[in-house]
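Structure first, commentary second.
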Amino acid sequence: MTAEERLAELGLTLPEVVPPLAAYVPAVRSGDHVYTSGQLPVVDGKLKAGGKVGAEVGVEDAYELARICALNALAAVASEAGGLSNIVRIVKVVGFVASAPGFTGQPQVVNGASELLTAVLGDAGRHARSAVGVAVLPLDAPVEVEVIAEVR
Numbered sequence: 188m189t190a191e192e193r194l195a196e197l198g199l200t201l202p203e204v205v206p207p208l209a210a211y212v213p214a215v216r217s218g219d220h221v222y223t224s225g226q227l228p229v230v231d232g233k234l235k236a237g238g239k240v241g242a243e244v245g246v247e248d249a250y251e252l253a254r255i256c257a258l259n260a261l262a263a264v265a266s267e268a269g270g271l272s273n274i275v276r277i278v279k280v281v282g283f284v285a286s287a288p289g290f291t292g293q294p295q296v297v298n299g300a301s302e303l304l305t306a307v308l309g310d311a312g313r314h315a316r317s318a319v320g321v322a323v324l325p326l327d328a329p330v331e332v333e334v335i336a337e338v339r
């Protein structure tokens, strides 16, 4: 089954690449790798939710927001690689979680991104990862995800 078929089976479509909010590009290809900028949970040009995880945003909601971030990252990678079928593997994911004081569930939140990437790409979606708690993210987003992918 192709990545496109898995995406459709999940009831998802690859969104348009989210335009940058400042002086950067959504993704850069260098040799056989694509590096994405941090991807926020933006849907149809709007931030899906705001706030700190563990306060205004629950873990389950943040998990879903991390899935949106990963889907946006896949769109950015595909735009540089010439499509999803040219992604060889996801090498590394870094997830940033805007965390309320004392919140320590960052890995469970970023699992949303990791599990989406594996669902779409199969074993090629398995990756190294960091899940980091931060005080605040752009636009007061609860989650931000960046990806490094090996491509053809």
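The sequence shown begins at 188 in my numbering and counts up one residue at a time. Ideal Cβ placement from N, Cα and C applies to all residues, glycine included.
(request) Going by DSSP, name the residue or residues bridged to tyrosine 222. (result) Val215 and Ile335
(message) If you measure between the beta carbons of valine 240 and serine 286, is that distance less than 8 angstroms?
(response) yes
(message) Taking 7 angstroms as the limit between beta carbons, can you name the residues of its chain near glutamate 251, skipping five residues before and five after?
(response) Gly299
(message) Tell me the residue span of the alpha helix (DSSP H) that contains alanine 287.
(response) Per DSSP, alanine 287 belongs to no alpha helix (DSSP H) and is neither H nor E.
(message) Between Ala214, Val205, Glu243 and Val319, which has its C-alpha nearest glycine 282's C-alpha?
(response) Among Ala214, Val205, Glu243 and Val319, the Cα nearest to that of glycine 282 is on Val319.
(request) Would you check if the distance between the CB atom of alanine 263 and the CB atom of glutamine 226 is smaller than 8 angstroms? (result) yes
(request) Alpha carbon to alpha carbon, how far is isoleucine 274 from valine 215? Give it in angstroms, no decimals. (result) Near 14 angstroms, if we compare the C-alpha coordinates of isoleucine 274 and valine 215.
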